[in-house]
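Number of protein chains: 6
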Amino acid sequence: MSDFPISRFPVPELGALPEDIRTRIEAVQEKSGFIPNVFLALAHRPDEFRAFFAHHDALMERDSGLTKAEREMIVVATSAANDCHYCVIAHGAILRIRAKNPLIADQVAVNYRKADLTERQKAMLSFAMKVSRDAAAVGEADLEALRALDFSDDDIWDIGAIAAFFAQSNRLANLSAMRPNAEFYGMAR
Amino acid sequence: MSDFPISRFPVPELGALPEDIRTRIEAVQEKSGFIPNVFLALAHRPDEFRAFFAHHDALMERDSGLTKAEREMIVVATSAANDCHYCVIAHGAILRIRAKNPLIADQVAVNYRKADLTERQKAMLSFAMKVSRDAAAVGEADLEALRALDFSDDDIWDIGAIAAFFAQSNRLANLSAMRPNAEFYGMAR
Amino acid sequence: MSDFPISRFPVPELGALPEDIRTRIEAVQEKSGFIPNVFLALAHRPDEFRAFFAHHDALMERDSGLTKAEREMIVVATSAANDCHYCVIAHGAILRIRAKNPLIADQVAVNYRKADLTERQKAMLSFAMKVSRDAAAVGEADLEALRALDFSDDDIWDIGAIAAFFAQSNRLANLSAMRPNAEFYGMAR
Amino acid sequence: MSDFPISRFPVPELGALPEDIRTRIEAVQEKSGFIPNVFLALAHRPDEFRAFFAHHDALMERDSGLTKAEREMIVVATSAANDCHYCVIAHGAILRIRAKNPLIADQVAVNYRKADLTERQKAMLSFAMKVSRDAAAVGEADLEALRALDFSDDDIWDIGAIAAFFAQSNRLANLSAMRPNAEFYGMAR
Amino acid sequence: MSDFPISRFPVPELGALPEDIRTRIEAVQEKSGFIPNVFLALAHRPDEFRAFFAHHDALMERDSGLTKAEREMIVVATSAANDCHYCVIAHGAILRIRAKNPLIADQVAVNYRKADLTERQKAMLSFAMKVSRDAAAVGEADLEALRALDFSDDDIWDIGAIAAFFAQSNRLANLSAMRPNAEFYGMAR
Amino acid sequence: MSDFPISRFPVPELGALPEDIRTRIEAVQEKSGFIPNVFLALAHRPDEFRAFFAHHDALMERDSGLTKAEREMIVVATSAANDCHYCVIAHGAILRIRAKNPLIADQVAVNYRKADLTERQKAMLSFAMKVSRDAAAVGEADLEALRALDFSDDDIWDIGAIAAFFAQSNRLANLSAMRPNAEFYGMAR
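Chains as they are written, first to last, in the numbering used here: chain G, 147 to 335; chain V, 147 to 335; chain E, 147 to 335; chain S, 147 to 335; chain C, 147 to 335; chain L, 147 to 335.
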């Protein structure tokens, strides 16, 4: 589809991958109709690949007080703050799908404070942004403010841990100049 | 040992943990003589715990062009830039042990540019700091500069991926106000 | 189409506007099929409206060594740096149209250094970003670098003056919480 | 008066300028006794010149809830934050004249929080500085704070729009290395 | 002369001061025609007063490869970067006197890169600004660049030590809201 | 003990120093068992040496509402913010001694907000950090907040003046690449 490389680092052939990784990638391909490049770009390090996606799924697929759309908002807002090409484009698409809203991803990416969100969701994103950009300053008062909006401590962990996980993902994507698939840009608009 | 809590979030009893997690923690305790608090602070989320430590070990224990001491330098330098209490104190101790040098951890934490390191190690840390603080600006020229110092692309991935992993760890530790064990401060001085 | 206000400041009825402003707005509406909100949001101040759009057109419509697509790249890159909701969404659409490229606007908005652009275009955007974010540091060396890439001094003025004009626009849009029309989001994707 | 160039870009002869622009410049010269360099430095682009000064006058000469001195305070404070040589020196002189106060311009340029101003004026400048430096963060609470000090919404637009206009001017002056006339420095001291 | 206080902290009566401090102040008053407020604002702490002015004189009065005007340029440039009201106004006056140039102080305060200085003086100020704002990053390459412009190591110490001393002075003046005397503003213009 | 130089600038022989300076250094050596490098690194400028240590002692040895341990906390916190190798290591040792607490110096250096301190001590350090990093923004409200915690105005001066003095020291140490003695690292752990 494109002459641009997926990553600065080696991208293995599907056939050369360990069985479990190949199976996982093929399952995603079956479901999405294409292989999101992050799976190919991380496959050169099988152990890191396994841990990365296990961690991703543990946070993004678990039963949580946050909806899946809200979790994707955290991903998009913090990834935009980190200028992460792959994560903003790919998770922007997922956010549009999860929220059934074609406008929301671009709004959250540019300036979540102006997005069509509830005040509670903006408070959630303010906390996620603080964890992403100045975690050392997170204090009890920040947690109290979320509790006052009926976020449980489990929810607060989810917000912070998703922001933390994508702090890692954004850096891996920027390190490798990971390229988002063209399919993501127009999805669910 | 202390009246200060280990974490803002729940810390489960050892006996209440899943078998594999308890076993892992007891192995560490046996080897170190105490349980580093990070194991206890992450245990309330078993799936995240498993993925986190699998990822940690994949990066920090693998055969690499970087020595284990050099990998700990990356941890200490980037964790200090993120004002991460737990990581600077705990990995400072590990760095002193790995490098067999009682001064190096404090030097790297305060200002790696003034530390007793080789120019090649300082270049490694400059790259790690760029990944940690401004990954969006990482470009081919940064990689070329490392290749010119005989870092392989695999080494470069290791440097960047360790900086990225601890971008996550630092945020989790700051989110939870994770407290380093008193044992770490004086270790290997 | 939406219950969200266009602006924090008064939005006059079309019929209440001075003749020349109403005529201009109706011409845009005829051409685009809808009235971009910036025309409505600035209309409460007719003299400022006239000067603003005269300045906009002088820069964006003139014969220039820069293509119209390149000028829109400058708008999108600098507006994203200023977190300007209206300008990124609306000019993102215009950039997709001008460049006949459905991917380029999102790429430029997130991180122009990773976008599918020529090195010359990236140098143009680096200069625009410096004017936008740290104009006091612009020096002869910056101009020399552009001249070496065959930008004329007239082109350099265009790059800088567009960045400067949108420094103003971004602030007006953020001041007024100007809302982009829903039509822009999916246009030319 | 000086061997230093007025601008990095072309400065046309007065006689070569379009009639309306020449007339305007001569009127200023008659009134001030000299031609402020901004008129000469922008004259190489007649359409941009006309729009720029029309916009300037629309904001700075209109009937407003802000005094002319207060509007110049906004110019000086935000231009100093942008390290804009021309605007601080030239508008510093105008501020001294408008405020009939020989000390105020230097005070506002260095640190408006320590200047001899009313608390209401300091609040006005804090808002102008927020528009100038972090407009994306401007929210309803900022407007409410000004309304509580009896600023009308029209006044608030003036404050923000002047800060936005000089965000543009400061960048044009820094782009062109525009040189303030020597006459400005000592005027009204 | 003014109803504004000189300092947030106590300002002793001249008669209540220790003999040596009173004598020093009276000598300055005799020479300048007025008492610069810094002498009064620091007098409530006699030992700190003595050390402060001894340090000031050791740097600013010594035989040096830097002219006295150049030393004042360092003071004005770094004090403006620190938004220090007292130091910019008072040392701006001294710079005009030392340099016999009525324009130079305002130029250096706003943006030394655009000031009427030699390239060597701009390099001197760039180094002083680095010491003032990011001393931890000062490296051998910075010293080499100055040596290449014929600054001796003694000159380099002077540049850095003056920037360091005024890092202290600026903070004391901002801590105490120290007010510059009205006499300074128009002096030597 | 080390092949690394103490300073980038000349380090005189003890025997070549003025009598008063040599005597002072020998007294410190007698008391500490070694000569802290700061005494040697500043000795090439006797007048500056005398003023510097007189100022240091005036602040750090005087009767004050702050304990000596609290004053060292200010030194360590602000020196860490300035990435000052010498000051963090040397004053970290002194803080451990003064506070009779082997953990406190590392805690304060990494993130004083997470350190084992009283809320009053954290407020003291927040003010010191504001003086160190953004003194121009210090306002009456900051002083009121400290007074409400029972800090006298004399205490507030001490906090601010110590932060200001070490703003200078940190810059001198970074300018000269001053090396802390190996003895400091393990002292009082």
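Even for Gly, the Cβ is constructed at its ideal location relative to N, Cα and C.
Bear in mind the structure is a predicted one, so any value in this text is a computation, not a measurement.
Buried or exposed by the 16-neighbour rule on C-beta atoms within 10 Å, applied to residue i
i, result
"G/G306", "buried"
"C/F311", "buried"
"G/R217", "buried"
"G/F180", "exposed"
"V/G161", "exposed"
"G/E194", "buried"
"L/D304", "buried"
"G/G404", "The structure shown does not extend to residue 404 of chain G, since chain G is modelled only from 147 through 335, so no value can be given for it."
"S/F150", "exposed"
DSSP-derived helix/strand/coil call for residue i
i, result
"S/R279", "helix"
"S/A189", "coil"
"C/K246", "coil"
"V/M147", "Any reading at V/M147 must be qualified, since the residue scores a pLDDT of 43, below 50, and its modelled position is unreliable; the value itself is stated next. If DSSP states are grouped into helix, strand and coil, V/M147 belongs with coil."
"E/C230", "coil"
"S/G179", "coil"
"E/R208", "coil"
"S/R154", "coil"
"C/E159", "coil"
"V/M270", "helix"
"C/G306", "helix"
"S/T169", "helix"
"V/M219", "helix"
"G/A236", "helix"
"E/D252", "helix"
"V/L318", "helix"
"E/V174", "helix"
"E/A328", "helix"
"S/F297", "coil"
Chain E contact residues for residue i, given Cβ-Cβ distances below 7 Å
i, result
"G/A328", "L249"
"S/F198", "H201"
"G/D262", "F150"
Contact list for residue i against chain C, beta-carbon separation under 8 Å
i, result
"L/N257", "The premise fails here: L/N257 is roughly 18 Å from chain C at the closest Cβ pair, so nothing lies under 8 Å."
Partner residues on chain E for residue i, Cβ-Cβ distance less than 8 Å
i, result
"S/H237", "Ordered by position in chain E, no residue passes the 8 Å Cβ test against S/H237, which lies about 16 Å from the chain."
Interface partners of residue i on chain L, CB under 8 Å
i, result
"V/Q314", "Here the premise fails: no neighbours, minimum Cβ distance about 18 Å."
CB contact below 7 Å: residue i versus chain D
i, result
"E/D229", "Absent here is chain D; the protein component of the structure consists of chains G, V, E, S, C and L."
Interface partners of residue i on chain S, CB under 8 Å
i, result
"E/E194", "H201, A204, L205 and A307"
Residues that residue i contacts on chain V, provided the C-beta gap is smaller than 7 Å
i, result
"G/A310", "Q314, R317, L318 and L321"
Chain-ordered neighbours of residue i on chain G, where CB pairs are closer than 8 Å
i, result
"E/V129", "As shown, chain E starts at 147 and ends at 335. That puts residue 129 of chain E outside it, with no answer to give."
"V/L289", "R154"
Contact set between residue i and chain V, taken where Cβ atoms lie within less than 9 Å
i, result
"G/F155", "D299, D300, I302 and W303"
Partner residues on chain C for residue i, Cβ-Cβ distance less than 9 Å
i, result
"L/A187", "Those within 9 Å of L/A187 in chain C number zero; the least Cβ separation is about 11 Å."
Proximal chain C residues relative to residue i, where beta-carbon distance stays under 7 Å
i, result
"L/L295", "In chain order: nothing, as chain C lies at least about 17 Å away."
"S/F180", "Chain C residues near S/F180: none, gap ~15 Å exceeds 7 Å."
Contact list for residue i against chain L, beta-carbon separation under 7 Å
i, result
"C/V284", "N320 and L321"
Contacts that residue i makes with chain L (C-beta to C-beta distance below 9 Å)
i, result
"V/A281", "Going along chain L, no residue has its Cβ under 9 Å from V/A281, so there is no contact; the nearest lies around 21 Å."
Chain-ordered chain V contacts of residue i [CB-CB under 8 Å]
i, result
"L/A226", "V256"
Closer than 7 Å at the beta carbon, the chain S residues around residue i
i, result
"E/V277", "R317 and L321"
The stretch 294–314 of chain S in contact with the stretch 254–273 of chain S per 3-pair CB rule at 8 Å: yes
The stretch 210–229 of chain S / the stretch 306–323 of chain S touching (three or more Cβ pairs under 8 Å): yes
contact_flag[the stretch 282–289 of chain V, the stretch 254–262 of chain E] where n(CB pairs < 8 Å) is 3 or more: yes
The stretch 195–212 of chain L contacting the stretch 165–184 of chain L, beta-carbon criterion three pairs below 8 Å: yes
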